[in-house]
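Have a look at the structure below, then the notes.
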Amino acid sequence: MRVESRIFEILTVFCFVCAIVYGVLSGEEVGIVALTLTGGLTLIIGTYFRFVARRLEERPEDNPEAEVSDGAGDLGFFSPGSYWPIAVAGGAAVTGLGVAYWQWWLIITGAVGLIIAICGLVFEYHVGPEAH
9 MRVESRIFEI
19 LTVFCFVCAI
29 VYGVLSGEEV
39 GIVALTLTGG
49 LTLIIGTYFR
59 FVARRLEERP
69 EDNPEAEVSD
79 GAGDLGFFSP
89 GSYWPIAVAG
99 GAAVTGLGVA
109 YWQWWLIITG
119 AVGLIIAICG
129 LVFEYHVGPE
139 AH
């Protein structure tokens, strides 16, 4: 996680420097605020990654002298035939349309569909015939 935190720390410095340069050259407040808030968000993410990196053991990505074979092995389980991501995308799209047109019934319908789809995705292999 040290590599990821370093990337976000560099982005934080970049955004803050851009905010200063933008403020000096243009004097527009909205751009300054946007760049400063972007820098703050990248600072939060970088700080979180740095905090998590202290609690984890060193990964091959964090070791500059690691070999390619050090990273071999399982990376996790990825469902090959799940239709739930399509349902999650559909629920998010319906919710987004409801917010765009400010239709409460569409927002509620999309949010309920999104919650059902997320629960289906999370618990897909914990219930039914695929349960372990």
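Sequential numbering of the sequence shown, starting at 9, is according to the numbering used here. All C-beta atoms in this analysis are idealised placements derived from N, C-alpha and C, irrespective of residue type, glycine included.
Where residue 13 is concerned, the enclosing alpha helix (DSSP H) starts and stops at 10-33. Under the 10 Å beta carbon count, residue 27 is surrounded by 16 or more other beta carbons and is classified as buried. When rounded, the separation of the alpha-carbon atoms in residue 61 and residue 16 is 13 Å. For residue 23, the closest of 76, 39, 94 and 110 by C-alpha to C-alpha distance is 39. DSSP, read as helix, strand or coil, puts residue 102 in helix.
Segment contact: the segment 81-100 against the segment 114-129, three or more CB-CB distances shorter than 8 Å; contact assigned. The straight-line gap separating the alpha-carbon atoms of residue 77 and residue 41 is approximately 45 Å.
Remark: three or more beta-carbon pairs, one from each stretch, lie closer than 8 Å, so the segment 123-131 and the segment 86-98 are flagged as touching.
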